[in-house]
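So the sequence shown is residues 4 to 108, counted in our numbering.
For glycine and all other residues, C-beta sits at the position ideal for the given N, C-alpha and C.
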Amino acid sequence: LVGKVRLGGQLWFGWNAPEIWRNNTELEARWMLPAKEAWGRCFAEAVHADKRWASGEIAIVWETVEEQFLFPDDKEAIGIYLYLPPAYSLFVKRVASGQWQSHGF
4 LVGKVRLGGQ LWFGWNAPEI WRNNTELEAR WMLPAKEAWG RCFAEAVHAD
54 KRWASGEIAI VWETVEEQFL FPDDKEAIGI YLYLPPAYSL FVKRVASGQW
104 QSHGF
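As structure tokens, this is what we get:
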């Protein structure tokens, strides 16, 4: 997906690892946790597996933020389980080749 985003474009992947899935081993096995380490490995693998990533044509900065810190005023409106740890969002921004960072905007 990052390859389809224009330079400077951003992606948001929200509500990863919702608390409501806790204690369901099949669903928990799909979680990208701990988030920073798991996504760091994912993006590092992309650099080795895809020529556009390897050449620097695709470069990103990224960060994860726990949901409870993104929408603190909305907890009652939607349903609190969406905001309970370990739920988090992943933010990815496509940048010019020399600006690659392992994480953080």
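Item, Value
"N- and C-terminal bounds of the beta strand (DSSP E) containing residue 97", "91 to 98"
"Whole-angstrom C-beta distance between residue 64 and residue 39, which should lie under 8 Å", "The Cβ separation is near 13 Å, so there is no contact."
"Within 8 Å, strictly: CB atoms of residue 41 and residue 50", "no"
"Bounding residues of the beta strand (DSSP E) (the contiguous stretch that carries residue 29)", "Not the beta strand (DSSP E): residue 29 falls in the alpha helix (DSSP H), residues 28 to 31."
"Outcome for residue 19 when other beta-carbon atoms lying within 10 angstroms are tallied against a minimum of 16", "buried"
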